[in-house]
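Q: Before I ask anything, let me first share the structure, which is written out below as structure tokens.
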Amino acid sequence: MVATKTLGVDGPLFKRALLGSLTWLGANHEEVNRLNVFPVPDGDTGTNMLLTLQSAVEDVKESNAAEVSKIAKLASHGSLMGARGNSGVILSQIFRGFARAVEGKSSLTPAELAAAFEEAANAAYRAVNKPTEGTILTVAREAGRAAATAASTPDATVPRVIAGAAAGARAAVQKTPSQLQILRDAGVVDAGGFGLQLILEGMLKTVEESDPAFAALAESKKPVIPAAQVALDLPEGGWGYCTEFLIEGANLDTELIRGQIEALGNSVLVVGEPELVKVHVHTDDPTRVINLAGGYGKLLKLNVGDMSTQHRRILETEGGGQGAAPRPNGIGIAAVVAGRGLVDIFRGLGVDAIIEGGQTMNPSTQDMLTAIESVPYDEVILLPNNGNVIAAAKQVVGLTKKKVHLVETHSVPQGVSAVVAFRPERPAAENLRAIRAEAERVQTIEVTHAVRDTRSNGVKVRKGDVIDYAEVVKQALGKLGPDSYELVTVYRGEQATDAEMSKLESEIRSHYPGLEVEVQQGGQQHYPFILSVE
-8 MVATKTLGVD
2 GPLFKRALLG
12 SLTWLGANHE
22 EVNRLNVFPV
32 PDGDTGTNML
42 LTLQSAVEDV
52 KESNAAEVSK
62 IAKLASHGSL
72 MGARGNSGVI
82 LSQIFRGFAR
92 AVEGKSSLTP
102 AELAAAFEEA
112 ANAAYRAVNK
122 PTEGTILTVA
132 REAGRAAATA
142 ASTPDATVPR
152 VIAGAAAGAR
162 AAVQKTPSQL
172 QILRDAGVVD
182 AGGFGLQLIL
192 EGMLKTVEES
202 DPAFAALAES
212 KKPVIPAAQV
222 ALDLPEGGWG
232 YCTEFLIEGA
242 NLDTELIRGQ
252 IEALGNSVLV
262 VGEPELVKVH
272 VHTDDPTRVI
282 NLAGGYGKLL
292 KLNVGDMSTQ
302 HRRILETEGG
312 GQGAAPRPNG
322 IGIAAVVAGR
332 GLVDIFRGLG
342 VDAIIEGGQT
352 MNPSTQDMLT
362 AIESVPYDEV
372 ILLPNNGNVI
382 AAAKQVVGLT
392 KKKVHLVETH
402 SVPQGVSAVV
412 AFRPERPAAE
422 NLRAIRAEAE
432 RVQTIEVTHA
442 VRDTRSNGVK
452 VRKGDVIDYA
462 EVVKQALGKL
472 GPDSYELVTV
482 YRGEQATDAE
492 MSKLESEIRS
502 HYPGLEVEVQ
512 QGGQQHYPFI
522 LSVE
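Given below as structure tokens:
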């Protein structure tokens, strides 16, 4: 897709630009992760920004809106709903500022695009009570200024404005160590700023890959300061808890809520609209924060992470200060997954590329090929995780120069077990034997509702009929022979209620006391419960 001088930024073009940004950030987010600097052990910046951007894209990808304002509004909403960590929340505010700047517009001229970039940065600054220079905020501001400079030239085009923004971001990223002592001491650039640079580069790559401005930029994509990670001594009392959630209510006052939350912690971000507010805080007492917020409305997507535990884990796994090294065996992993919770689980296990899809939403061969090409290794293990996806997955093997190993996983539990069995130090042959054996060892129970009228074993079933989930799981476990297994992991679907979850867990524990039960938020559609039996 090429944008010429005569074209502005309309809805379809902006949508494609967002998809390009997601692909580019997805291919490079581990580089961003390796730039993480403490003393704020707030997850992985690259992963947080990627998941936030992914949520924005999820909201726009089904829209056929021609107006840039409509696509921008959807992206703003999606990024707010999926914002993760400090960097993700600030990124959501960049989208919010952009959306407000283009409100009511069908398309954008180069000058209007530059103005939207500038307002995006302004919105991000307004969201932070005490802005710090040398962070993603600085990079956003300098990107906007560079875009405005590019737009003021006689030969201004949309690609050149985006190229200006990306170049401005890169220059600002390289200056961040001179603005923050902790970056200078660590020998790194700011992670969030570098993530924003990648987003702008991905946008430019999509809009005008043949433009010489992009070619020059692509030559110097990587940060010139080597990646490292500083893990400071654990302070007395620990780091506390990173607490995040959405408040859904009416007439919500972000300033009032922010003031009350600030009394309970630090790294506070409270942003949103009167009906939906995102809260991020580092606190020693997450219960007090949650109780306070619960008084304003319904809490959604609650996540509490023990940052002291994260800190210790990084010290153990990263060698007390060194950045994460590339896998010794040079093998990456791509997996087909549906459901935000399951996506988080697979990413947390180290999967390099996620292809969204599964039952009723089978990804295409092209979807899988694109994901495999984004993996930063020449050898890739592909996990389809659904029997209906295997045929398309087989086609990918011959369409890429990379060496693709297809492991025919038929379910999500098989995929999880396969990833857990993977060892980065083992060669491909050993890994493939191990993960195939582990995947075959797992039994899967998938519980759903009727999708069409039918008759089964003399029983008339109508579309939409709901079965007794707990009873059918109890019977299925009985047929498997529970004495042969030790662990049942329940992946809770998007439609499962608290009452159904509680009943199911209680039934398993009471009828099969020898089985350990774990519950994970899968977020998958169509299947209220997916069970892994090991």
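First residue of the sequence shown? That's -8 in my numbering, and the numbers climb one at a time after it.
Beta carbons are placed, not taken as given, at the ideal position from N, Cα and C, and that holds for glycine.
The structure presented is a predicted model; accordingly, all values stated were derived computationally and were not measured.
1. Taking just the CA atoms, how far does V433 sit from S523?
2. Tell me the DSSP bridge mates of A325?
3. Are the CB atoms of F86 and S97 within a distance shorter than 9 Å?
4. Quick check: the Cα distance between E133 and G159, rounded to an integer number of angstroms?
5. Pop quiz: A107 and V119 are said to be a contact at Cβ under 8 Å. What is the actual Cβ separation, rounded to whole angstroms?
6. Taking the beta strand (DSSP E) that S501 belongs to, which residues open and close that run?
7. Between the stretch 320 to 338 and the stretch 367 to 375, can you find at least three pairs of beta-carbon atoms closer than 8 Å?
8. Residues bridged to F236 by DSSP?
9. What residue does the beta strand (DSSP E) around E437 start on, and which one ends it?
10. Can G348 and V327 be called in contact, C-beta distance under 9 Å?
11. With C-beta atoms as the reference, is Y232 less than 9 Å away from P265?
12. For A430, which residues in the same chain have their Cβ closer than 7 Å to its Cβ, ignoring the five residues on either side in sequence?
13. On the three-state DSSP scale, how would you describe V221?
14. Suppose contacts are defined by Cβ-Cβ distances below 9 Å. Is A154 in contact with A131 by that definition?
15. Specify the secondary structure class of G389 as computed by DSSP and reduced to three states.
16. Given this structure, state the Cα-to-Cα distance separating S169 from E21, to the nearest angstrom.
17. Starting from E103, follow the alpha helix (DSSP H) in both directions and report where the run begins and ends.
18. When the Cα atoms are used, what is the spatial distance from N77 to L471?
19. For V510 versus M492, is the C-beta spacing smaller than 9 Å?
20. Per DSSP, what kind of secondary structure is A315 in: helix, strand or coil?
21. Among V149, A490, A419, A254, which residue has its Cα nearest to the Cα of A105?
22. Express the C-alpha separation of T43 and S60 in angstroms, rounding to a whole number.
23. Which residue from V23, I363, N379, A329 puts its Cα closest to that of L390?
24. Alpha helix (DSSP H) containing V198: first to last residue?
25. My output table needs one value for N337: the three-state DSSP class, helix, strand or coil.
26. Using 10 angstroms around the beta-carbon of A490, count the other beta-carbons present and answer buried if the total reaches 16, otherwise exposed.
27. Can you have a look at P101 and say buried or exposed, based on whether 16 or more other CB atoms are within 10 angstroms of its CB?
28. State the beta-bridge partners of S523 as determined by DSSP.
29. Quick check: the Cα distance between R331 and H68, rounded to an integer number of angstroms?
30. Roughly how many whole angstroms lie between the Cα atoms of L16 and I436?
31. Taking 9 Å as the cut-off, decide whether the C-beta atoms of V198 and A56 are in contact.
32. So which of R91, A382, A467, R318 has the shortest CA-CA distance to V263?
33. Quick one, which of E462, Q515, L128, A487 has its alpha-carbon nearest H502's?
34. Pick helix, strand or coil for E264, following the three-state DSSP scheme.
35. Just verifying my parser: in three-state terms, what is the DSSP assignment at S408?
36. Provide the residue span of the alpha helix (DSSP H) that contains H68, from first to last.
A: Result, derived from the coordinates:
1. Numbered from its first residue, the sequence shown carries residue 523 at position 532. Numbered from its first residue, the sequence shown carries residue 433 at position 442. Straight-line Cα distance between these residues: approximately 7 Å.
2. The residue labelled residue 325 in the question sits at position 334 within the sequence shown. Answer by DSSP bridge pairing, in chain order: A344, L373.
3. The residue given as residue 97 occupies position 106 in the sequence shown. The residue given as residue 86 occupies position 95 in the sequence shown. Not a contact, by the Cβ cut-off of 9 Å.
4. For the purposes of this step, residue 133 is taken as residue 142 along the sequence shown, with counting starting at 1. For the purposes of this step, residue 159 is taken as residue 168 along the sequence shown, with counting starting at 1. Computed Cα separation, rounded: 6 Å.
5. The count along the sequence shown starts at 1 and reaches residue 107 at position 116. The count along the sequence shown starts at 1 and reaches residue 119 at position 128. Actually they do not touch by this definition, with Cβ atoms about 20 Å apart.
6. Within the sequence shown, the letter at position 510 stands for residue 501. S501 -> not in any beta strand (DSSP E); alpha helix (DSSP H) instead, spanning 489 to 502.
7. yes
8. Counting from 1 along the sequence shown, the entry for residue 236 is found at position 245. In the DSSP output, where bridge partners are listed per residue, F236 has V270.
9. Taking the first residue of the sequence shown as 1, we reach residue 437 at position 446. It spans 434 to 438 - the beta strand (DSSP E) in which E437 sits, taken as one unbroken run.
10. For the purposes of this step, residue 348 is identified with residue 357 of the sequence shown, where counting begins at 1. For the purposes of this step, residue 327 is identified with residue 336 of the sequence shown, where counting begins at 1. Yes; because the gap between Cβ atoms is below 9 Å, this pair is in contact.
11. Stepping through the sequence shown from its first residue, residue 232 is reached at position 241. Stepping through the sequence shown from its first residue, residue 265 is reached at position 274. No.
12. Position 439 of the sequence shown, counted from the first residue, corresponds to residue 430. Cβ within range, chain order: V398, T400, Q405, S408, A409.
13. The residue labelled residue 221 in the question sits at position 230 within the sequence shown. Caution applies to V221, whose pLDDT of 40 falls short of 50 and renders its modelled position unreliable; the model cannot decide the point.
14. If you number the sequence shown from 1, residue 154 lands on position 163. If you number the sequence shown from 1, residue 131 lands on position 140. No, these two residues do not count as a Cβ contact at 9 Å.
15. The count along the sequence shown starts at 1 and reaches residue 389 at position 398. Here G389 sits in coil by DSSP.
16. Translated into positions along the sequence shown, residue 169 becomes position 178. Translated into positions along the sequence shown, residue 21 becomes position 30. Roughly 23 Å between the two C-alpha positions.
17. Walking along the sequence shown from the start, residue 103 turns up at place 112. Residues 101 to 118.
18. By one-based count along the sequence shown, residue 77 stands at place 86. By one-based count along the sequence shown, residue 471 stands at place 480. So the two alpha carbons sit approximately 45 Å from each other.
19. In the sequence shown, the residue the question calls residue 510 occupies position 519. In the sequence shown, the residue the question calls residue 492 occupies position 501. For V510 and M492, yes; Cβs fall inside 9 Å.
20. Indexing the sequence shown from 1 puts residue 315 at position 324. Because A315 carries a pLDDT of 40, less than 50, the predicted location of this residue cannot be relied on, and the following value inherits that uncertainty. Here A315 sits in coil by DSSP.
21. Residue numbering aside, residue 105 sits at position 114 when the sequence shown is read from its first letter. It is V149.
22. On the sequence shown, residue 60 is found 69 positions in, with the first residue counted as 1. On the sequence shown, residue 43 is found 52 positions in, with the first residue counted as 1. So the two alpha carbons sit approximately 20 Å from each other.
23. Reading the sequence shown from its first residue, position 399 is the one you call residue 390. For the residues V23, I363, N379, A329, the minimum Cα distance to L390 belongs to I363.
24. Position 207 of the sequence shown, counted from the start, is the residue given in the question as residue 198. Here the alpha helix (DSSP H) through V198 covers 182 to 198.
25. The count along the sequence shown starts at 1 and reaches residue 337 at position 346. In the sequence as presented, Asn is not what sits at residue 337; that position holds Phe. DSSP places F337 in helix when its eight states are reduced to three.
26. Looking up residue 490 in the sequence shown gives position 499. With fewer than 16 other Cβ atoms within 10 Å, it is exposed.
27. Here residue 101 refers to the residue found at position 110 when the sequence shown is read from its first residue. When all chains shown are included, P101 counts as buried.
28. As a working note, residue 523 is residue 532 in the sequence shown. DSSP output for S523 lists T435, T480 as bridge partner(s).
29. Here the question's residue 331 lines up with position 340 in the sequence shown. Here the question's residue 68 lines up with position 77 in the sequence shown. Taking the CA atoms as reference points, R331 sits about 16 Å from H68.
30. For the purposes of this step, residue 16 is taken as residue 25 along the sequence shown, with counting starting at 1. For the purposes of this step, residue 436 is taken as residue 445 along the sequence shown, with counting starting at 1. So the alpha carbons of these two residues sit roughly 35 Å apart.
31. Position 207 of the sequence shown holds residue 198. Position 65 of the sequence shown holds residue 56. Contact: no.
32. As a position in the sequence shown, residue 263 is number 272, starting the count at 1. The question names Val, yet the displayed sequence has Gly at residue 263. Among R91, A382, A467, R318, the Cα nearest to that of G263 is on R91.
33. Residue numbering aside, residue 502 sits at position 511 when the sequence shown is read from its first letter. For H502, the nearest C-alpha among the options comes from E462.
34. Looking up residue 264 in the sequence shown gives position 273. Residue state, collapsed to three classes: strand.
35. Residue mapping note: residue 408 aligns to position 417 of the sequence shown, counting from 1. Three-state result, S408: helix.
36. Walking along the sequence shown from the start, residue 68 turns up at place 77. DSSP places H68 in the uninterrupted alpha helix (DSSP H) bounded by 59 to 73.
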